[in-house]
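In the working numbering, each residue's number is its place in the sequence shown (first place is 1) plus 8.
Each remark here refers to the structure printed beneath this line.
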Amino acid sequence: MSATSGHAAPRTWRRLRRKLLLRAVHAVFFLTRGMTLGVRAACFDAEGRIFLVRHGYVPGWHLPGGGVERGETAAQALAKELREEGNLVLGDAPRLLQVYFNRAASRRDHVLLYVCRNVTQTAPRKPDAEIREADFFALDALPPETTGSTRRRLAEIAGTLSPDDDW
Numbered sequence: 009m010s011a012t013s014g015h016a017a018p019r020t021w022r023r024l025r026r027k028l029l030l031r032a033v034h035a036v037f038f039l040t041r042g043m044t045l046g047v048r049a050a051c052f053d054a055e056g057r058i059f060l061v062r063h064g065y066v067p068g069w070h071l072p073g074g075g076v077e078r079g080e081t082a083a084q085a086l087a088k089e090l091r092e093e094g095n096l097v098l099g100d101a102p103r104l105l106q107v108y109f110n111r112a113a114s115r116r117d118h119v120l121l122y123v124c125r126n127v128t129q130t131a132p133r134k135p136d137a138e139i140r141e142a143d144f145f146a147l148d149a150l151p152p153e154t155t156g157s158t159r160r161r162l163a164e165i166a167g168t169l170s171p172d173d174d175w
């Protein structure tokens with residue numbers, strides 16, 4: 009066995025496990041909800057840096073967010089997700105930028121994207137199974153693994169791209 013092949017199997021298994029977990033979650037949502045709705049936030053601190061998270065179940069760096077639960081408003085879901093994923097507290101009122109259709113997740117998934125300014129972090133986010141890493145980044149120094157959709161959303165916020173209907 010070569011030195012690299014010993015790592016390929018665990019990496020492949022992790023990817024398969026992530027994919028199966030994501031499909032299972034979407035299957036539950038499919039059976040229990042007519043449409044899924046999520047919130048994401050482009051959170052900027054006072055220095056203009058963006059807050060990103062790296063999940064344990066999907067690759068890449070993403071904007072923080074999550075699903076809106078039954079009986080919960082989008083604003084409540086946003087505040088909850090920012091608190092859970094980054095120990096973040098909103099400064100200015102969040103501004104809804106766009107509603108996106110997320111075809112990659114399912115044919116029924118929509119995402120509300122908010123822009124949040126003057127966000128503060130009450131404490132560093134400790135890694136766990138859901139969030140492996142979380143931090144603020146200068147816009148000109150994003151991690152190389154920042155997802156394409158995250159980069160497109162930031163370009164839309166900057167005004168260099170028109171907002172799209174698809175995530």
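All C-beta atoms, glycine included, are put in the ideal place defined by N, C-alpha and C.
Within the DSSP secondary-structure output, W69 pairs in a beta bridge with R62 and T154. A contact is defined here as three or more CB-CB pairs under 8 Å, and the stretch 138-146 fails this definition with respect to the stretch 105-121. Looking from the CA of E92, the closest CA among R78, C124, G74 and V123 belongs to G74. Around the CB of G42, fewer than 16 other CB atoms lie within 10 Å, so the residue is classed as exposed.
Nearest to E77 by alpha-carbon distance, out of T20, A87, F109 and A32, is A87. Taking the CA atoms as reference points, A166 sits about 15 Å from D53. Here DSSP, grouped into helix, strand and coil, assigns T128 to strand.
The beta carbon of P72 lies closer than 8 Å to those of R48, A49, C51, F59, L60, V61, E89, L90, E93, G94, L96 and A142 in the same chain, with the five residues before and after it left out.
For the pair R26 and S170, the Cα-to-Cα distance works out to about 32 Å. When secondary structure is reduced to three states using DSSP, R111 falls in the coil class, being assigned neither helix nor strand.
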